[in-house]
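In our numbering, the protein residues as written are 44 to 159.
Cβ atoms here follow ideal geometry from the backbone N, Cα and C, with glycine treated the same way.
Fair warning: this is a prediction, and the values are worked out from it, not measured in the lab.
Report on one structure; see the data block that follows.
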């Protein structure tokens with residue numbers, strides 16, 4: 044499995060920004076304590092920094108843990124607004140997110156009132 048293309052059906056985004064110095068143990072503890080989930084449940088978990096310019100992905104693949112990081116030199120990742128502690132993405136939305144495209148607009152339905 045390639046770390047930035049998790050085989051999980053859903054990728055969970057931790058909404059609250061984290062210190063990017065955290066490693067596997069620190070992020071696993073964050074998943075358990077603040078999200079109430081197991082880091083070894085086969086799900087992928089993504090974290091970002093306050094500026095939304097860095098992203099870390101933690102994935103359990105059945106035998107070990109992958110920790111990948113992506114850094115943007117310009118711009119920022121589109122992230123859900125505060126309110127929930129965790130947010131699920133589909134695999135397609137994940138591909139848009141890591142390409143630094145606004146994935147929230149890619150899957151948006153057309154406005155019901157719009158007409159040609």
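Looking at residue 137 and the ligand NAP, is the gap between the Cβ and the nearest heavy atom below 7 angstroms? Although the ligand NAP was asked about, the structure shown includes no ligands whatsoever.
C-beta atoms of residue 141 and residue 108 nearer than 8 angstroms: Residue 108 is positioned such that its CB atom lies no closer than 8 angstroms to that of residue 141.
Which residues in the same chain as residue 84 place their Cβ atom closer than 8 angstroms to its Cβ, once the five residues preceding and following it in sequence are excluded? Result list for residue 84: 103, in chain order.
Thinking residue 131 and residue 90 are a contact (beta carbons under 8 angstroms), I'd like their distance in whole angstroms, please. About 14 angstroms; that fails the 8 angstroms criterion.
So is residue 136 buried or exposed if we call it buried at 16+ other beta carbons inside 10 Å? When all chains shown are included, residue 136 counts as buried.
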